[in-house]
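First up is the structure itself, then whatever we jot down about it.
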Amino acid sequence: MTSLTVHQTPEAHPDTSTPDPHQDTFSKTVLGFWMYLMTDCLLFGTLFATYAVLHNSTFGGPTSHEIYNLSTAFIETMILLLSSVTCGLAVLASLKNAKASVVAWLLVTFLLGATFIAFELTEFHHLIQDGHSWQKSAFLSSFFTLVGTHGTHVSVGLFWMLVLILQVFFAGITVDTFRRLVVFSMFWHFLDLIWIFIYTFVYLMGVI
Amino acid sequence: MFGKLTPEAFIHEGSQNFAVIMVVLTGIGLAALLTYFKLWKWLWKEWLTTVDPKRLGIMYIIVALLMFMKGFADAFMMRLQQALSVGDSHGFISPGHFQEIFSAHGTTMIFFVGMGVVFALMNLIVPLQIGARDVAFPFLNALGFWLFAAGAMLTVVSLAIGKFSATGWLAYPPLSGIEYSPGEGVDYWIWLVQISGVGSTISGINFLVTILKMRCPGMTWMKMPIFTWSGLCAMVLIIFAFPILTATLALLTLDRYLGMHFFTAGGGGNLMMYVNLIWAWGHPEVYILILPIFGIFSEVVPTFSEKRLFGYASMVWALVVITFLSFVVWLHHFFTMGASSNVNAFFGIMTMLIAVPTGVKIFNWLFTKFRGRIHFETPMLWFFAFVLNFTVGGMTGVLLSSPPVDFQAHNSLFLIAHFHGMVIGGVLFGFFAGFTYWFPKFTGFLLDDKLNRYAFWCWFGGFLLAFMPLYMLGFMGATRRLDHYEAATGWHPLFIVVFIGAIIILIGASIQFYGLIESIINRDKNRDTTGDPWNGRTLEWSTPSPPPVYNFAVIPTVSSVDPLWAIKRGQAPKPAETYEDIHLPVNTPLAFFIGMLAIAFGFAMTWYIFWLGAISFIGILTCVVIRLSGKDKFEIIPAEEVKKMEAARRSPASA
Numbered sequence: 269m270t271s272l273t274v275h276q277t278p279e280a281h282p283d284t285s286t287p288d289p290h291q292d293t294f295s296k297t298v299l300g301f302w303m304y305l306m307t308d309c310l311l312f313g314t315l316f317a318t319y320a321v322l323h324n325s326t327f328g329g330p331t332s333h334e335i336y337n338l339s340t341a342f343i344e345t346m347i348l349l350l351s352s353v354t355c356g357l358a359v360l361a362s363l364k365n366a367k368a369s370v371v372a373w374l375l376v377t378f379l380l381g382a383t384f385i386a387f388e389l390t391e392f393h394h395l396i397q398d399g400h401s402w403q404k405s406a407f408l409s410s411f412f413t414l415v416g417t418h419g420t421h422v423s424v425g426l427f428w429m430l431v432l433i434l435q436v437f438f439a440g441i442t443v444d445t446f447r448r449l450v451v452f453s454m455f456w457h458f459l460d461l462i463w464i465f466i467y468t469f470v471y472l473m474g475v476i
Numbered sequence: 002m003f004g005k006l007t008p009e010a011f012i013h014e015g016s017q018n019f020a021v022i023m024v025v026l027t028g029i030g031l032a033a034l035l036t037y038f039k040l041w042k043w044l045w046k047e048w049l050t051t052v053d054p055k056r057l058g059i060m061y062i063i064v065a066l067l068m069f070m071k072g073f074a075d076a077f078m079m080r081l082q083q084a085l086s087v088g089d090s091h092g093f094i095s096p097g098h099f100q101e102i103f104s105a106h107g108t109t110m111i112f113f114v115g116m117g118v119v120f121a122l123m124n125l126i127v128p129l130q131i132g133a134r135d136v137a138f139p140f141l142n143a144l145g146f147w148l149f150a151a152g153a154m155l156t157v158v159s160l161a162i163g164k165f166s167a168t169g170w171l172a173y174p175p176l177s178g179i180e181y182s183p184g185e186g187v188d189y190w191i192w193l194v195q196i197s198g199v200g201s202t203i204s205g206i207n208f209l210v211t212i213l214k215m216r217c218p219g220m221t222w223m224k225m226p227i228f229t230w231s232g233l234c235a236m237v238l239i240i241f242a243f244p245i246l247t248a249t250l251a252l253l254t255l256d257r258y259l260g261m262h263f264f265t266a267g268g269g270g271n272l273m274m275y276v277n278l279i280w281a282w283g284h285p286e287v288y289i290l291i292l293p294i295f296g297i298f299s300e301v302v303p304t305f306s307e308k309r310l311f312g313y314a315s316m317v318w319a320l321v322v323i324t325f326l327s328f329v330v331w332l333h334h335f336f337t338m339g340a341s342s343n344v345n346a347f348f349g350i351m352t353m354l355i356a357v358p359t360g361v362k363i364f365n366w367l368f369t370k371f372r373g374r375i376h377f378e379t380p381m382l383w384f385f386a387f388v389l390n391f392t393v394g395g396m397t398g399v400l401l402s403s404p405p406v407d408f409q410a411h412n413s414l415f416l417i418a419h420f421h422g423m424v425i426g427g428v429l430f431g432f433f434a435g436f437t438y439w440f441p442k443f444t445g446f447l448l449d450d451k452l453n454r455y456a457f458w459c460w461f462g463g464f465l466l467a468f469m470p471l472y473m474l475g476f477m478g479a480t481r482r483l484d485h486y487e488a489a490t491g492w493h494p495l496f497i498v499v500f501i502g503a504i505i506i507l508i509g510a511s512i513q514f515y516g517l518i519e520s521i522i523n524r525d526k527n528r529d530t531t532g533d534p535w536n537g538r539t540l541e542w543s544t545p546s547p548p549p550v551y552n553f554a555v556i557p558t559v560s561s562v563d564p565l566w567a568i569k570r571g572q573a574p575k576p577a578e579t580y581e582d583i584h585l586p587v588n589t590p591l592a593f594f595i596g597m598l599a600i601a602f603g604f605a606m607t608w609y610i611f612w613l614g615a616i617s618f619i620g621i622l623t624c625v626v627i628r629l630s631g632k633d634k635f636e637i638i639p640a641e642e643v644k645k646m647e648a649a650r651r652s653p654a655s656a
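Going line by line, the protein sequences match chains A and B.
Under this note's numbering, the first residue of the first sequence is numbered 269, with each subsequent residue one higher.
Under this note's numbering, the first residue of the second sequence is numbered 2, with each subsequent residue one higher.
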């Protein structure tokens with residue numbers, strides 16, 4: 269099966285094969301989800317702006333030079349980028365209608381995502397242990413909020429992935445699960461992109 | 002167990018107790034009526050679980066109307082207080098309670114009345130105008146409504162349990178920080194605005210995709226009705242602006258709950274950042290409210306002038322330009338912050354620029370009327386009042402856009418008069434025009450014309466009396482949010498005039514409400530059997546009143562801006578009568594459940610009852626997972642059935 273036949277398989281709605289715009293669920297959902305990602309992008313934009321404003325408001329607390337660990341951040345980046353690749357492989361597998369590989373690649377993606385979260389939580393834990401909690405200064409508040417919001421998104425993605433794995437496992441690749449898989453992969457790639465910005469603006473520029 | 006919630010939260014001042022008792026009695030009365038007439042099942046099946054945009058639109062109007070009563074009661078109490086509290090007299094409201102009242106008034110009117118009427122009209126009109134049977138995401142549409150309703154209900158809860166925010170409708174820190182507002186008021190405000198704001202974002206995405214993807218064949222960009230254009234622009238604004246609000250509120254939440262330092266005075270926080278962020282949302286917000294109103298008048302004026310809209314293309318461009326400019330003027334809300342004069346000058350000039358596309362619109366409407374056959378129906382009366390109020394309010398806005406003038410007039414009643422001219426003389430009057438115009442479309446009968454006209458004159462006269470003196474008071478130095486002033490200021494007579502204006506508005510609103518009830522009771526007198534009582538131009542008037550659940554039996558094909566006029570004048574063929582199976586989404590209770598759980602969540606977070614917060618959050622998550630695990634279900638109306646339904650409504654015997 270090619271990608272075209274998958275989203276035109278007239279399984280759920282008999283008339284998706286006719287050019288009736290009113291039943292075109294796939295393209296509407298994808299466009300709608302793009303809109304949602306744009307709103308999320310603006311939400312992150314606000315947090316980035318906040319970070320930029322408060323970056324130097326250390327209020328006697330540590331500066332970004334003192335607390336950032338570039339090597340950890342680099343490993344995190346690699347893990348997340350790799351998880352994007354495996355997520356993409358899951359979508360490719362779904363185009364071949366290979367249910368088992370979709371589930372397998374999603375599981376790999378899940379493990380990578382969970383590792384990323386584990387790294388991030390460890391980083392946060394160390395910071396707090398060293399007395400650099402978010403209550404210390406405006407800079408740390410904005411750091412924890414920006415990075416933590418991304419982490420929350422990844423955690424939501426992990427939860428979503430579990431639901432998706434179960435759906436694919438029980439229902440197979442249908443019009444509905446395929447659409448959800450595509451939408452999820454958009455979300456996951458988007459989080460990757462946001463992380464690239466965080467890595468650049470927060471970590472790299474923070475230690476220069 | 003109950004967090005910060007103690008029995009004291011139920012003890013209030015006299016006027017508030019009265020309001021609480023009224024709300025509770027109304028609730029009990031409604032429940033009793035529903036039980037007596039055995040309507041619970043009907044309410045559940047036809048309304049609470051519906052995904053039909055026509056039903057949701059009507060529910061938006063009902064919530065907005067109830068919230069308007071609350072917001073108006075707040076306004077009325079403030080004006081009464083100001084008429085009484087002069088010199089030795091201190092009126093009937095304590096200063097603390099007065100602060101809660103003006104905060105509640107602004108919050109209610111903007112978030113629940115303004116946004117309510119915008120989404121009501123989007124739901125009612127847009128699918129019909131673009132020739133669609135439905136919206137892009139029916140479930141999200143219902144969810145948007147229920148989150149909006151949840152926010153509204155949380156506002157009412159704050160009336161009965163605890164105190165509301167006393168920090169103004171935008172809750173500037175550091176006053177709204179935990180140090181200076183340790184109570185539950187600001188938390189109520191945060192959560193109810195956050196919940197309804199998320200609802201607005203969801204609804205905005207839904208309508209944007211609906212307009213982008215679901216227009217009927219032939220409806221290209223420049224053949225879209227202007228109301229739909231204005232809706233499109235407003236939805237773009239929502240998508241760009243509301244995430245900023247969500248983030249800003251989240252930062253304030255983190256400051257208050259987790260001791261962060263975004264906006265605190267200590268810890269290196271930056272309070273002016275809040276003011277910047279909140280207005281980066283707040284200024285587009287006022288255009289979200291007014292753009293659809295421009296759309297309404299662009300429908301009303303040509304219809305009642307029997308002419309096509311003058312300058313369609315310039316109207317569209319004016320809308321788009323306003324959409325863009327509304328994002329580069331936010332700083333004019335705080336010129337006095339102390340930005341450099343160059344920054345102030347930039348924002349001042351940008352603000353003045355907005356007057357240009359707005360002026361284009363006013364002249365387009367006036368030229369539409371030029372040599373037209375003008376019908377003085379009530380929507381047109383609202384239009385005339387709108388032009389006057391909006392021009393006066395707009396010109397004073399241009400005055401305020403000049404930073405040196407703003408330094409003199411900021412925070413004064415002059416500003417209050419300006420923006421009430423825009424939101425009452427603009428948004429509200431525009432909504433009334435649209436409400437009167439489209440009312441028969443959704444109910445099948447017209448509003449009582451005579452009562453409507455009385456209401457109009459009361460509103461118009463009352464508005465002038467209630468707000469024109471505020472310009473003078475502003476120049477005399479009266480600031481906003483005053484609960485007391487000295488007799489030597491000489492403001493007292495004008496405040497009494499203002500209060501008389503408020504009474505006349507109250508009479509107008511009461512007549513309007515009575516007129517609505519009267520029209521419903523005597524609906525057989527004013528039936529609209531044609532579906533097109535005003536000789537309309539756009540597709541919604543080609544359907545019967547009220548439209549069938551599927552809107553259009555045959556999806557129309559469009560070849561001009563005024564497709565119905567084209568058919569009436571024989572310039573376009575009548576739609577064919579070939580019927581097909583129609584797919585409609587089935588009702589779902591999940592949106593309603595999520596809304597109710599959101600109330601529990603907001604309430605729990607406000608009072609620090611974290612176990613309840615966790616339970617309701619897991620409940621919301623469960624609803625979402627259930628929704629995401631099911632198949633998209635459609636109800637199919639077979640072509641034969643459609644044919645029968647269409648035939649039944651054509652034959653006069655069954656009408």
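Glycine residues also receive a C-beta, built at the ideal position from the N, C-alpha and C atoms.
Residue 407 of chain A is not a Cβ neighbour of residue 354 of chain A, given a cutoff of 8 Å. Scanning its chain for C-beta atoms nearer than 8 Å, with the 5 sequence neighbours on each side dropped, one finds around residue 375 of chain A the residues 433, in chain order.
Remark: C-beta atoms of residue 202 of chain B and residue 146 of chain B do not approach each other more closely than 8 Å. Proximity of residue 402 of chain A to chain B, defined by a Cβ-Cβ separation below 8 Å, is satisfied.
Between residue 429 of chain A and residue 240 of chain B, the gap from beta carbon to beta carbon reaches 8 Å or more.
In the three-state DSSP reduction, residue 304 of chain A falls in the helix class (H, G or I). Chain order gives the chain B residues near residue 296 of chain A as 137, 210, 214, where near means a beta carbon separation below 7 Å.
A Cβ-Cβ distance of about 4 Å is found for the pair residue 405 of chain A and residue 329 of chain A, placing them in contact under the 8 Å criterion. Close partners of residue 431 of chain A in chain B (Cβ separation under 8 Å): 626, 629, 630. Contact annotation for residue 241 of chain B against chain A: 306, 307, 310 [CB-CB distance below 9 Å, chain order].
Assignment of residue 351 of chain A by DSSP, reduced to helix, strand and coil, places it in the helix class. Nearest neighbour of residue 469 of chain A by Cα position, chosen from A/306, A/371, A/423, A/313, turns out to be A/313.
For the region 545-568 of chain B, the set of residues with a beta-carbon nearer than 9 Å to any beta-carbon of chain A comprises 556, in chain order. For residue 567 of chain B and residue 73 of chain B, the gap between their C-alpha atoms comes out near 43 Å. Residue 102 of chain B and residue 15 of chain B have their alpha carbons spaced roughly 14 Å apart.
Residue 324 of chain A counts as exposed, since fewer than 16 other beta carbons sit within 10 angstroms of its beta carbon.
Following the DSSP letters along the chain, one finds residue 586 of chain B inside the beta strand (DSSP E) bounded by residues 583-586.
In the DSSP assignment, residue 636 of chain B is bridged to B/585. In this structure, residue 436 of chain B keeps its C-beta atom at 8 Å or more from the C-beta atom of residue 366 of chain B. Of all C-beta pairs linking the region 37-53 of chain B to the region 134-151 of chain B, three or more are shorter than 8 Å, placing the two stretches in contact.
For residue 602 of chain B, the secondary structure class from DSSP, reduced to helix, strand or coil, is helix. Distances from the alpha-carbon of residue 403 of chain B to those of B/580, B/416, B/523 put B/416 closest.
In the three-state reduction of the DSSP assignment, residue 486 of chain B falls in the strand class. Within chain A, the C-beta atoms nearer than 9 Å to that of residue 252 of chain B come from 314, 315, 318, 409, 410, 413, in chain order.
CA-to-CA, the gap between residue 270 of chain B and residue 317 of chain A works out to about 14 Å. Under the DSSP assignment, residue 173 of chain B falls outside any alpha helix (DSSP H); it carries neither an H nor an E label.
Look at residue 263 of chain B here: in three-state DSSP terms it is coil, with no helix or strand label.
Listed along chain A are 405, 406, 409, each with a C-beta nearer than 7 Å to that of residue 262 of chain B. Per DSSP, the unbroken alpha helix (DSSP H) holding residue 427 of chain A starts and ends at 406-439. Looking at the DSSP output, residue 528 of chain B sits in a beta bridge with B/446.
The beta-carbon of residue 206 of chain B is placed less than 8 Å from the nearest beta-carbon of chain A.
Rounded to the nearest angstrom, the Cβ distance from residue 621 of chain B to residue 599 of chain B is 7 Å, consistent with a contact under 8 Å. Annotation: Cβ neighbours of residue 435 of chain A in chain B (cutoff 9 Å, chain order): 629, 630.
Contact between the region 107-121 of chain B and the region 154-174 of chain B is present, with at least three C-beta pairs closer than 8 Å. Residues of the same chain with a CB within less than 6 Å of the CB of residue 558 of chain B, apart from the 5 flanking positions on each side, are 218, 219 in chain order. In the assembly as shown, residue 293 of chain A is a buried residue. Its beta-carbon has 16 or more other beta-carbons within 10 Å.
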